[in-house]
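Numbering (the numbering used here), first residue to last: 714 to 782. Using N, Cα and C, we set each Cβ at its ideal position, and we do this for glycine too. None of these values were measured; they are calculated from a predicted model. Presented below is the structure to which this report refers.
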């Protein structure tokens with residue numbers, strides 16, 4: 714497990730993840746704590762920081778994420 718994943722597991726509780734996932738179907742389990750939305754950088758900030766390196770031609774929206782356990 715990478716340091717970021719283990720840090721996410723320590724930083725977030727399953728109840729918090731459940732609250733953040735309201736309206737999204739997911740397998741309620743602490744196995745998904747490393748997928749907590751707050752464990753990721755905001756993509757808009759990342760893209761803005763890289764504006765001199767990239768251009769946005771299309772914006773994608775995630776519709777499904779399947780993670781094995």
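- Excluding sequence positions up to five before and after residue 728, its CB lies less than 6 Å from no other CB in the same chain.
- If you look at residue 727, you'll find it in the alpha helix (DSSP H) that goes 727–733.
- Taking 9 Å as the cut-off, the Cβ atoms of residue 750 and residue 760 do not count as close.
- Judged by DSSP in its simplified three-state form, residue 717 adopts helix.
- Residue 737: not part of any alpha helix (DSSP H); DSSP gives it neither H nor E.
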